[in-house]
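Asker: Add 20 to a position in the sequence shown, counting from 1, and you land on the number used in the numbering used here. We treat Cβ as the ideally placed atom computed from N, Cα and C, and that holds for glycine. Since this is a predicted model, take the numbers as computed values, not measurements. Please find one structure pasted underneath; my questions will follow.
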Amino acid sequence: MAKGLLTAQEVRRLSKVDGVHRVGPALYLRVRGSSALWTWRYTDAGKAHEYSMGAFGDLTLADAVAKVSDLRARVKRGEELPAFNSRRRNETAVPTKRIESFRDVAEALCESLRAGWKGVNGGKHGDDWINSLRTYAFPVFGDKPVGDVSTDDVLAALNPIWRTKTETATRVRQRIEAVLSAAKARGLRTGENPAAWRGHLDTLLPMISKRRRVEHHPAMPRADLPAFMADLQRRSNMSAWALQFTILTACRTGEVIGAQWSEIDLARDLWVIPASRMKAHVEHRVPLSRQALALLGTMPRNDGNDAV
């Protein structure tokens, strides 16, 4: 029996259960009500497709396996696949139905999650989230049908960076797991998650307990700060103003870039950053020094635009 191929008895049981069932490598049984169709999933020119091969009652398991082999050879030769005509009145099928790849599901999930990543850093976090997958996962299995992504695929993406870029690799694994969990929730795959850590990848990848120490950007020597600030004050542009305000308030860059005039309380010399824009999701009150207030006083305000 071919590796990973179900038995004929197992397939007969599945033919009575609604859903899309993996029978073997790229071979599936799509069941809905009294209709059961053999389908083959393949990738051509970077696009994932699902080809309906025939009704379950018309092809044995051996026939379906042989047909997959024949169709794969035809695609490799560049031949056009023949249309499938059902012999049963109640069955309809599309010869080459495009199915969602890992890339499709990942990008859709990222856009869905962005709404929950609040604050101005939400956009950056979303970019980091999807870019890590574009860099490390998509080149390996991005165009593969999401239902076919396997443990071997996940390991192929993680192994090259597991020991050298541990933090990045950990995040990539978590994000792959999230994408595959979302795919399962949408009915696009079945079975266990091949990117799960506990009880799965923790038995295949070494536990690296010592994380590489994070190296922060070096601080400017205190003695250099007056000259640096004087240079900034000679520059009349938004970047220079933003950097000055960052220094004078000791706030995060994202908090400063997203500052709104409605957050500035000039009567109390206070900047109140709402919880929705804070990394910890807690309101933050920043006392404004004389220099910070003077800087705000020199900055132009645009009618109808609350951005500082």
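In angstroms, rounded to a whole number, what distance separates the CA positions of R42 and Y48?
Answerer: The sequence position of residue 42 within the sequence shown is 22, counting from 1. The sequence position of residue 48 within the sequence shown is 28, counting from 1. Each residue's alpha carbon lies about 5 Å from the other.
Asker: Taking the straight line between their C-alpha atoms, what separation do you get for L263 and R134?
Answerer: Taking the first residue of the sequence shown as 1, we reach residue 263 at position 243. Taking the first residue of the sequence shown as 1, we reach residue 134 at position 114. Rounded to whole angstroms, L263 to R134 spans 27 Å at the Cα level.
Asker: Restricting to Cα atoms, I'd like to know which of L290, H145, R52, L101 is closest to L316.
Answerer: The count along the sequence shown starts at 1 and reaches residue 316 at position 296. Closest option to L316, Cα to Cα, is L290.
Asker: Take the Cβ of N213 as the centre, count every other Cβ of all protein chains shown within 10 Å, and call the residue buried at 16 or more, exposed below.
Answerer: Reading the sequence shown from its first residue, position 193 is the one you call residue 213. Counting Cβ neighbours within 10 Å, N213 comes out buried, since at least 16 surround it.
Asker: For A215 and R193, which I take to be in contact (beta-carbon distance under 8 Å), what is that distance rounded to the nearest angstrom?
Answerer: Looking up residue 215 in the sequence shown gives position 195. Looking up residue 193 in the sequence shown gives position 173. A215 to R193, Cβ: 6 Å. Contact.
Asker: Provide the residue span of the beta strand (DSSP E) that contains A75, from first to last.
Answerer: Along the sequence shown, read from residue 1 onward, the residue named residue 75 stands at position 55. Segment 67-75, the beta strand (DSSP E) holding A75.
Asker: Using three-state DSSP, classify A270 as helix, strand or coil.
Answerer: Taking the first residue of the sequence shown as 1, we reach residue 270 at position 250. In the three-state DSSP reduction, A270 falls in the coil class, being neither helix nor strand.
Asker: Could you spell out the range, first to last residue, of the beta strand (DSSP E) harbouring L49?
Answerer: Here residue 49 refers to the residue found at position 29 when the sequence shown is read from its first residue. From DSSP, the beta strand (DSSP E) with L49 extends over 47-52.
Asker: Tell me the DSSP secondary structure of W217 in three-state form.
Answerer: Locating residue 217 in the sequence shown gives position 197, counting from the first residue. Here W217 sits in coil by DSSP.
Asker: So the candidates are P226, T188, P294, N151; which of them puts its Cα closest to the Cα of Q280?
Answerer: Here residue 280 refers to the residue found at position 260 of the sequence shown. Among P226, T188, P294, N151, the Cα nearest to that of Q280 is on P294.
Asker: Does A177 pass the burial test, meaning 16 or more other C-beta atoms within 10 Å, or should it be called exposed?
Answerer: By 1-based counting over the sequence shown, the position of residue 177 is 157. Under this definition A177 is a buried residue.
Asker: Which same chain residues end up closer than 8 Å to A314 when comparing Cβ atoms and leaving out the 5 residues on each side of it in sequence?
Answerer: The residue given as residue 314 occupies position 294 in the sequence shown. Excluding residues within five positions, none has a Cβ falling inside 8 Å.
Asker: Answer with buried or exposed for V292, where buried requires no fewer than 16 other C-beta atoms within 10 angstroms of its C-beta.
Answerer: Against the sequence shown, residue 292 aligns to sequence position 272. Under this definition V292 is an exposed residue.
Asker: Starting from S55, trace the beta strand (DSSP E) in both directions and tell me its first and last residue.
Answerer: What you label residue 55 is simply residue 35 of the sequence shown in a count that begins at 1. Where S55 is concerned, the enclosing beta strand (DSSP E) stretches over 55-64.
Asker: Three or more C-beta pairs closer than 8 Å, one from the region 195-204 and one from the region 235-249: is that the case here?
Answerer: no
Asker: Under the three-state reduction of DSSP, which class applies to D124: helix, strand or coil?
Answerer: Within the sequence shown, numbered from 1, the residue matching residue 124 stands at position 104. Helix.
Asker: For V15, is the classification buried or exposed, using 16 other Cβ atoms within 10 angstroms of its Cβ as the cut-off for buried?
Answerer: The structure shown does not extend to residue 15, since the chain is modelled only from 21 to 328, so the question has no answer here.
Asker: In whole angstroms, what is the alpha-carbon distance linking D172 and G219?
Answerer: The residue you call residue 172 lines up with position 152 of the sequence shown. The residue you call residue 219 lines up with position 199 of the sequence shown. Distance between the alpha carbons of D172 and G219: 16 Å.
Asker: Indicate whether W58 and A28 have their beta-carbon atoms separated by less than 8 Å.
Answerer: Start at 1 with the first residue of the sequence shown, and residue 58 comes out as number 38. Start at 1 with the first residue of the sequence shown, and residue 28 comes out as number 8. Not a contact, by the Cβ cut-off of 8 Å.
Asker: State the DSSP-derived secondary structure class of G44, mapped to helix, strand or coil.
Answerer: Here residue 44 is taken as the residue at index 24 of the sequence shown, counted from 1. If DSSP states are grouped into helix, strand and coil, G44 belongs with the strands.
Asker: Excluding the five sequence neighbours on either side, which residues of its own chain have a C-beta within less than 8 Å of the C-beta of E111, listed in chain order?
Answerer: Locating residue 111 in the sequence shown gives position 91, where the first residue counts as 1. Confidence in E111 is poor, its pLDDT being 41 and thus under 50, which makes the residue's placement too unreliable to answer from.
Asker: Looking at the secondary structure, which residues open and close the beta strand (DSSP E) in which P307 lies?
Answerer: The count along the sequence shown starts at 1 and reaches residue 307 at position 287. That run of the beta strand (DSSP E) goes 304-307.
Asker: Would you say G146 and S121 are within 8 Å of each other, going by their C-beta atoms?
Answerer: Here residue 146 refers to the residue found at position 126 of the sequence shown. Here residue 121 refers to the residue found at position 101 of the sequence shown. Not closer than 8 Å, so no.
Asker: On the criterion of 16 or more Cβ atoms from any shown chain inside 10 Å, does G39 qualify as buried, or is it exposed?
Answerer: As a first step, residue 39 must be located in the sequence shown, where it is residue number 19. Per the 10 Å Cβ criterion, exposed.
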